[in-house]
Structures are given as C-alpha cells and as structure tokens.
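Visitor:
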Amino acid sequence: MRPKLTLLSEDLIPRIIEEAYQILLKPGIKVLNAEARKLLAEAGAQVDEATFVVKIPKQIVETALRTVPPTFHIYDYEGNPKVEYGGDTVQFDPGSSGVAVLDPDTFEHKTAETPDLIRLIKVAEQIPQYDAQSTMVVCDDVPKDLHDLYRLYLVMLYSKKPIVTGAFTNKTVHAMIEMLAIFAGGREQLREKPRAVFDVCPSPPLIWSNFGAGNLIALARAGVPAEIVSMPLAGAAAPVTLLGAVTQHAAECLSGIAIHQLAQPGAPIVWGGAPAIFDMRKGGTPMGAVETAMIDSSYAQVGKSLGLPTHAYLGTTESKILDMQAGLESGMGALIGALSGINMISGAGMLDSLLCQSAEKLVIDAEGIAMAKRMIEGMKVHTETLATGFYDNEINFKGGDFLKQKITMKLFKKEQHIPSSVIDRDSIRVWKEAGRLDTFGRAKLRVKELLASYTPPKLDPAKVERLHAFVLDLARKAGMSTLPAHDLSPVAG
Amino acid sequence: MHEELYKQMAQSIIDGEKETAIELAQKSIELGIPPLDAITNGFVVGVNYIGDLFGKGEAFLPELVMAGEAMKAAVAVLEPELLKLGEAREMMGRVVLATVEGDIHEIGKTLVGTMLSAAGFEVTDLGVDQPAEKIIGKALEINAQIIGLSALLTTTMVRQREVIEELDKEGLRPRIKVMVGGAPITREWAEKIKADGTSEDAVGAVQLAKKLVGKE
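Going down the list, the protein sequences come from chains A and B. The working numbering applies: residue 11 is where the first sequence begins, and numbers increase by one. The working numbering applies: residue 1222 is where the second sequence begins, and numbers increase by one.
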C-alpha cells in the first residue's frame, strides 16, 4: 500500500471547484493579452475591452478540461521518456530562476554567472534523485534579453536530462522552442517528444499578464508542455484562508487551461504552482512554511480530481545558509510533496525564498528526496511468509544470523535506501578521524567529487554547432560579440 | 484639553477602525479643534505607536495596513478644513511610486505608499508595469523629490537600474532621489545600481524617505 496524504475531505473538493467557477464569472479574470481575450470571446466569454476583465462561463472550461491529456512524458536528449506527468508519479527537479549562488567558502550569496550555472548543472546531472534538470539560475554576465534562453542553452550543452524551464517574454519563448527543436531534429519531432516543460505564471490575484497568456498560446501551438505556476499569496494577493488560496489557485489554473486549450486543444498542460502564505511580519512569501505545503498538497488533490498532471514548488527554505532550518523545511516539504503524489516537485537546492541556488544544498536535498521517495514506496510484501520463513535451521539466536541469509543479500537494497556520504552514520571515532564534518562539510566534499567525476554528454556536433550559431546570432543582436559559454563548453569547436 | 478625544483618535488608528477615525475627525471639526492639532496630537500618535510595535515584531502587516488606511481616511476628512484655514499639514515631500515595467506586483509598493501618506508625504502611486519615461515624466510634472521603484521579480529588478540611468542621463540627480525595494532587492544591489537607498519594510521606507528629504 502506498502511503498518501490527503488534506481535503471528499465534500470539499467539489465546493472548491464550484467556487472557482464562480470566481471566473465574478469578479472574472483580468487577461492582458489581446489574442487570449479574442480566443475567450470567440468561445463565448464576456470580455470588457476597457478593463480587460473576462468573465469565463463554466462550459468553456469544461470543454477545455475534456481535451487536456491526463498524462504525457518529457524526454531526455536521446528521446527516451524519462519523466512521466500524470497519475501519482512523483519526480523532483532543482528550483529554477535564482539570481544568486551560495559561495560554499564565504557563504556570500554572489550574483550568478555562467560558471556558476555550469557547476550546478554538472552536479544535478549526476544525482539520480533529480529526474529533470531545471534552468536553475539567471546568469548576470549576459544581457537581459538573453537571460531566459541562455540558461536553457547551457543546460542543453551540459546535460542529457529532461528540462524544466520557462521564458521571460513573448519573443524569447519562440527562440527557446526553436532551440529545443534544433536538438529534437525539428518542430514535429519536438512536439512528438518534448525535452522540456515551460513554467508559465499567472499573477495573483486572478491576472494573466500579456506575456503569461502569450506564452500559454505559443507553447500550446508548438505542442511543448506548459506548467501553470499559480502563486496565490494567502493574506495578501489571495484570501487569507488556506482553502481560499486553494480556490483562487483553481480559478487561475482553470482560466489558464481554457486559454491554452482554445489555442490548441489537446496540448499538454500541468496544474502547478508556487503558492505561499504571506508572512505578516516580514511581508515575505515563506516557501518553507508548513501552511505553504498544505496549500500545495490541497491544490494537487483538486488537480488530481480533475484528472490533471500536477506540479508544486516544495522542498525549499527561507534560510540563507545550509543550516538546520534549511534542512527541516526542505525535508518536510519534499516529504509532503511526495506523499501528495505531485508529479513534479521543484525547489531543491534553493535558499532564501527561491533567490539563491546552492550545489551543496542540491546534494543534501537529494538525500531528503531519496527518503521521501523511499517513504512512498511504502511497506512491501517481498516474501510468502512475513517472518516465519526467515527462522530456519540456521538460526541459533545470535545477532548476526540474518546477515548470513541469501535473502538478506538479495533484498536489502530493495528495502533500504543507501544514502550518499552526505548522511553521517559513522561511529563517533570515525567521525572525529574524518575531520568532525557537519552536513555542510560533507556536502562540500560530495560536490567536489561530483565535479571531478562529471563527463560531458556526447552530443551530435552538427546540432551543437547549429545551436551555437542560433544563440550567437541572438547574442549579437543583444550587443554581445561572443558567448561566455562557448569558450567553456566541453563540446565547443 | 481634548486629551480624551486625542486618545480615542490614536486608538482608532491602532485598532485600524476607519469608520471610527472618520467619526472622530468629524467630531473634532464640530468641536472647533484645529485640524492640525487633531492630526498631530491624535491620529499621528496612533500611527507612530503601531509603527513602533511593528518594528519590534509585535504588530503585523494587516494591523499596519489597516492603521494606514484609517489614517488616510481621517486626514481626508480634515484636509478641507486645513485648506479653509489656509493651513497645511507639514508636507514631508513628494514621492512618485511605481512598480517597474514588466512587473505587476504591488503589495509592497502599496504598503509603502500607505505608510508614506500616513507619515505626511504626498504620494503619487502610478501602479504597476511602468516604463522609465512615464515614471520620470510624472516625477517632473509634480516636482517630486523622491522616486520609489518596486520590483518583485528577479527578472525585472534590472529595470530599476534603467530608471536610475535615465535620470542620470537627464542630469536629474541628485535633485530626484531614488529608493528601491522588493523581495529580491539587497543593499548590495541598491549600491550597485547607484540607488539612494533601500529598506526591508514599509516602516523603514518611511525613515529612509525622511532621511532623503533631510527631515529625519
């Protein structure tokens, strides 16, 4: 039996959905993209072109929900399906779009640049707990017109894993789709086997920005999966009650799905989010708060009731360094996400409310994720009898008896997750002799090992050359003569 | 004189009771209390009290916002009386607030606006997604001493620099001071883009604004 966390009683889910439908009519959704308004108007929504508020009748959304694929995959470089969205699959990726990285020696949150992102990609690439890469930080050493696509470019050069990413403008989303198409072998191949999913954010409360809605439309038409990241902030940009925030989340997602499916029925889309409670002392959005995780778990339950793939931002922290707070918030978040059966859980590696990425945190979080993944495998029946069969003639009431059994050798790896060197299970003597390292000290060593063992992916040189040329052309238009990554690239000519 | 009424005024702000604050402001007019006295001895005391509590972590944002709203409502009742008398509340300075282009987040900015108004600044809040030229244009139009720029997104905070660079290009600084804010904004960032200051919260923003206009 797989353990499951369900915070909403059966009668609450239809109430949430019903009130979300009411919100779509009153006050309606503010849609700042003209094409999205046109699509909605043609489908029968009432559009106020002075205020951009659209009142979306239930049947438009219900029609859209009927065409959303309940499951889909994203693929690795070779075209193998590696991440499955839908049902109760649970997968993890690092948090995306930080602006800083934690310097492991000085504890400074330094502005992220090209070598920092490459370092993060190399570490995440080798950790099996990360089912996908994400475009983890924005690199400050390239002009802002390139910020979103340049991250994707680096991940494509240094990784083979599926990618969780996102565009920052209506223009760059097309460039990023084109970049993925170069590696996929064409637009149709990309549609067939998309390597990436794109986060698309409505703005709380109840707003689809010009670029948010524009991205939904562009992605739908390209057949590249979109992941709605709705962010109700309970008490500030959403009702203060957790259930109120879950309901607003539903309204924002339902309206997004309507726009997306009107642009292209059947295009893949994810019921996702990065909600938070609003901290009434600091005005921040605590991603590590348990109430934040409760909103996530609950909206995922609503999404599942509608038969949709799910995503959430969990397993992250407000802490600035890799301390106990970082550990307990990240670990609890990962466990709550896994128990909630959320298909893609983003946030690993992140400190300081998603602003700062850390390679050292990535290797620590991987252990929390491994524990969460083990937890949801649940209690398994491996043997005919549960225990009696283990007490055969060999047993002579000594402690090590079971170590001598073949079945122990056969089953222990199925029953136990074997942690990396980040987790300390040494005797105090060995621990002292190894330098009395704390979690962070062990994580630093582990990162060093991973950086040393990294080998660049074998990529098709012709495709790499085309990708370089494509991005370099955009870079020149943005005022750069050369790309920082080109010289560093393991596969550059 | 009127000590009890002043106390009630302060309490109405502390409790965030807008309706009560309006009633008390009207009552003070009926009693012939000079409107400046009502503001200074009554309502402002409440705003300062809740601001101090907030600073100590004992009051919370909803209380701060409701106090600011009550303060604004009370001042709105008293302002016509001030005008009739040819007086004016000492104006701390003129501020233009905006969330930068490409960003539509405004919780923090609105809160800063409320607190600045409560503290006696004349605030023009342009709202969200504002390009540099509009922000600067408005600042020139109303002869503002301060521009406050908000950005929540890591992807839009770079726009704060654009506004500052534009001001520099036009030779408008130091005449116009720039304060920046938002979740991803650090002191280092503020220094890097040559802003005149940043603050963690709305109460700090008021202190910063006072400092920038030399009225600490």
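We put the beta carbon where it would ideally sit given N, CA and C, even for glycine.
1) Among B:1310, B:1281, B:1299 and B:1304, which residue has its Cα nearest to the Cα of residue 1248 (chain B)?
2) For residue 178 (chain A), return the contacting residues in chain B, with the cut-off set at a CB-CB distance below 7 Å.
3) I'd like the list of long-range same chain contacts for residue 1405 (chain B), defined as Cβ closer than 8 Å, with 5 residues on each side in sequence excluded.
4) Quick one: which residues of the segment 1372-1403 of chain B get their C-beta closer than 7 Å to a C-beta of chain A? List them in chain order.
5) If you draw a straight line from the alpha carbon of residue 502 (chain A) to that of residue 383 (chain A), how long is it in whole angstroms?
6) Run through chain A and tell me which residues come within less than 9 Å of residue 1352 (chain B), C-beta to C-beta.
7) Return yes when at least one heavy atom of the ligand SAM lies under 7 Å from the C-beta of residue 344 (chain A), else no.
8) Could you check whether residue 1288 (chain B) and residue 1271 (chain B) sit closer than 8 Å to each other, using their CB atoms as the reference points?
9) Please report how far the alpha carbon of residue 170 (chain A) lies from the alpha carbon of residue 91 (chain A), in whole angstroms.
10) Have a look at residue 294 (chain A) and residue 363 (chain A) and give me their C-alpha separation to the nearest angstrom.
11) For residue 442 (chain A), does the three-state DSSP call read helix, strand or coil?
12) When you compare the CB positions of residue 269 (chain A) and residue 35 (chain A), do they come within less than 8 Å of one another, or not?
13) Check residue 503 (chain A) in the structure and name its three-state DSSP category.
14) So which residues on chain A does residue 1328 (chain B) lean against when the C-beta distance must stay under 9 Å?
15) Cβ atoms of residue 365 (chain A) and residue 30 (chain A): under 8 Å apart, would you say?
16) Quick one: measure Cβ to Cβ for residue 212 (chain A) and residue 266 (chain A), integer angstroms, because I've assumed they're closer than 8 Å.
17) Below 8 Å on the Cβ atoms is my contact criterion, and I expect residue 242 (chain A) with residue 285 (chain A) to pass it. Report the Cβ-Cβ distance as a whole number of Å.
18) Which residue from A:467, A:429, A:37 and A:465 puts its Cα closest to that of residue 452 (chain A)?
19) Please check if any C-beta of chain B sits within less than 8 Å of the C-beta of residue 503 (chain A).
20) Considering only residues of the segment 111-193 of chain A, which uninterrupted beta strand (DSSP E) runs meet the minimum length of 3 residues and lie entirely inside it, listed in chain order?
21) Compute the beta-carbon to beta-carbon distance between residue 298 (chain A) and residue 251 (chain A), rounded to the nearest angstrom, for a pair I have assumed lies under 8 Å.
22) Taking the beta carbon of residue 100 (chain A) as the centre, do at least 16 other beta carbons fall within 10 Å, making it buried, or is it exposed?
23) Using a cut-off of 8 Å between C-beta atoms, extract the partners of residue 219 (chain A) located in chain B.
24) List, in chain order, every chain B residue whose beta-carbon is nearer than 7 Å to that of residue 365 (chain A).
25) Using a Cβ cut-off of 8 Å (strictly closer), state whether residue 270 (chain A) contacts chain B.
26) Kindly indicate if chain B contains any beta-carbon less than 8 Å away from that of residue 83 (chain A).
27) Residue 376 (chain A): which of A:357, A:389, A:163 and A:208 sits nearest, CA to CA?
28) Would you decide whether residue 1410 (chain B) is buried or exposed? Buried here means 16 or more other CB atoms lie within 10 Å of its CB.
29) Closest Cβ-Cβ distance between residue 107 (chain A) and chain B: below 8 Å?
30) May I ask you to report which of helix, strand or coil DSSP gives residue 1324 (chain B)?
31) Please confirm whether residue 1263 (chain B) has its beta-carbon closer than 8 Å to some beta-carbon of chain A.
32) Between the segment 134-168 of chain A and chain B, which residues of the former have CB atoms less than 7 Å from a CB of the latter, in chain order?
33) What are the boundary residues of the alpha helix (DSSP H) that residue 1227 (chain B) is part of?
34) Please return the same chain residues whose Cβ sits closer than 7 Å to the Cβ of residue 1350 (chain B), not counting the five positions on each side in sequence.
35) Does any CB atom of chain A fall closer than 8 Å to the CB of residue 1282 (chain B)?
Guide: Result, derived from the coordinates:
1) Translated into positions along the second sequence, residue 1248 (chain B) becomes position 27. The option with the nearest alpha carbon to residue 1248 (chain B) is B:1299.
2) On the first sequence, residue 178 (chain A) is found 168 positions in, with the first residue counted as 1. Neighbourhood of residue 178 (chain A) in chain B, by CB distance below 7 Å: 1376, in chain order.
3) Residue 1405 (chain B) sits at position 184 when you count from the first residue of the second sequence. Counting only Cβ-Cβ distances below 8 Å, and skipping sequence neighbours, we find 1372, 1373, 1374, 1375 and 1378.
4) Cβ proximity to chain A below 7 Å picks out 1375, 1376 and 1379 from the segment 1372-1403 of chain B.
5) Sequence index remark: in the first sequence, residue 502 (chain A) carries index 492 (1-based). Sequence index remark: in the first sequence, residue 383 (chain A) carries index 373 (1-based). With a pLDDT of only 42 at residue 502 (chain A), under 50, the local geometry of the prediction cannot be trusted, and the value read off the model is given with reservation. One C-alpha to the other measures close to 37 Å.
6) As a working mapping, residue 1352 (chain B) is identified with position 131 in the second sequence. Here the premise fails: no neighbours, minimum Cβ distance about 14 Å.
7) Only the bare structure without any ligand can be found here, which leaves the ligand SAM out of the picture.
8) Translated into the one-based positions of the second sequence, residue 1271 (chain B) becomes position 50. Translated into the one-based positions of the second sequence, residue 1288 (chain B) becomes position 67. Closer than 8 Å, so yes.
9) Taking the first residue of the first sequence as position 1, residue 170 (chain A) is located at position 160. Taking the first residue of the first sequence as position 1, residue 91 (chain A) is located at position 81. Approximately 12 Å between the Cα atoms of the pair.
10) For this step, residue 294 (chain A) is matched to residue 284 along the first sequence. For this step, residue 363 (chain A) is matched to residue 353 along the first sequence. Roughly 8 Å between the two C-alpha positions.
11) Counting from one through the first sequence, the residue named residue 442 (chain A) turns up at place 432. If DSSP states are grouped into helix, strand and coil, residue 442 (chain A) belongs with the helices.
12) Your numbering for residue 269 (chain A) matches position 259 in the first sequence. Your numbering for residue 35 (chain A) matches position 25 in the first sequence. No.
13) Walking along the first sequence from the start, residue 503 (chain A) turns up at place 493. Unreliable placement is indicated for residue 503 (chain A), whose pLDDT of 36 sits below 50; no coordinate value is reported for it.
14) Your numbering for residue 1328 (chain B) matches position 107 in the second sequence. Simply 243, 246, 247, 288 and 293.
15) Along the first sequence, read from residue 1 onward, the residue named residue 30 (chain A) stands at position 20. Along the first sequence, read from residue 1 onward, the residue named residue 365 (chain A) stands at position 355. Not in contact: residue 30 (chain A) and residue 365 (chain A) (Cβ atoms no closer than 8 Å).
16) For this step, residue 212 (chain A) is matched to residue 202 along the first sequence. For this step, residue 266 (chain A) is matched to residue 256 along the first sequence. Confirmed, Cβ separation roughly 6 Å.
17) Looking up residue 242 (chain A) in the first sequence gives position 232. Looking up residue 285 (chain A) in the first sequence gives position 275. Yes, residue 242 (chain A) and residue 285 (chain A) are in contact; Cβ-Cβ is about 5 Å, under 8 Å.
18) Translated into positions along the first sequence, residue 452 (chain A) becomes position 442. Checking every option, the nearest Cα to that of residue 452 (chain A) belongs to A:429.
19) Here residue 503 (chain A) corresponds to residue number 493 of the first sequence, with the count starting at 1. The pLDDT assigned to residue 503 (chain A) is 36, lower than 50, so where the model puts this residue is not dependable, and the model offers no usable value.
20) 119-121 and 173-175
21) In the first sequence, the residue the question calls residue 298 (chain A) occupies position 288. In the first sequence, the residue the question calls residue 251 (chain A) occupies position 241. Going by Cβ atoms, the distance from residue 298 (chain A) to residue 251 (chain A) rounds to 20 Å, so no, they are not a contact pair.
22) Counting from 1 along the first sequence, the entry for residue 100 (chain A) is found at position 90. By the 10 Å Cβ count, residue 100 (chain A) comes out buried.
23) Within the first sequence, numbered from 1, the residue matching residue 219 (chain A) stands at position 209. Neighbours of residue 219 (chain A) on chain B, chain order: 1325.
24) Within the first sequence, residue 365 (chain A) is the residue found at index 355, counting from 1. By Cβ distance, chain B contributes 1375 and 1405.
25) What you label residue 270 (chain A) is simply residue 260 of the first sequence in a count that begins at 1. No - not a single Cβ of chain B is within 8 Å of the one on residue 270 (chain A).
26) Translated into the one-based positions of the first sequence, residue 83 (chain A) becomes position 73. No, residue 83 (chain A) does not count as interfacial toward chain B.
27) For the purposes of this step, residue 376 (chain A) is taken as the residue at position 366 of the first sequence. Nearest of A:357, A:389, A:163 and A:208 to residue 376 (chain A), Cα basis: A:357.
28) The residue given as residue 1410 (chain B) occupies position 189 in the second sequence. Buried, because 16 or more other Cβ atoms sit within 10 Å of the Cβ of residue 1410 (chain B).
29) Here residue 107 (chain A) corresponds to residue number 97 of the first sequence, with the count starting at 1. At least one chain B Cβ lies under 8 Å of residue 107 (chain A).
30) In the second sequence, counting from the first residue as 1, residue 1324 (chain B) sits at position 103. Note: residue 1324 (chain B) maps to coil in three-state DSSP.
31) Translated into positions along the second sequence, residue 1263 (chain B) becomes position 42. No, its Cβ sits nowhere closer than 8 Å to a Cβ of chain A.
32) 148, 154 and 157
33) The sequence position of residue 1227 (chain B) within the second sequence is 6, counting from 1. That run of the alpha helix (DSSP H) goes 1224-1235.
34) Numbered from its first residue, the second sequence carries residue 1350 (chain B) at position 129. Only 1320, 1322, 1323, 1324 and 1325 meet the Cβ criterion.
35) Within the second sequence, residue 1282 (chain B) is the residue found at index 61, counting from 1. Closer than 8 Å to some Cβ of chain A, the Cβ of residue 1282 (chain B) qualifies, so yes.
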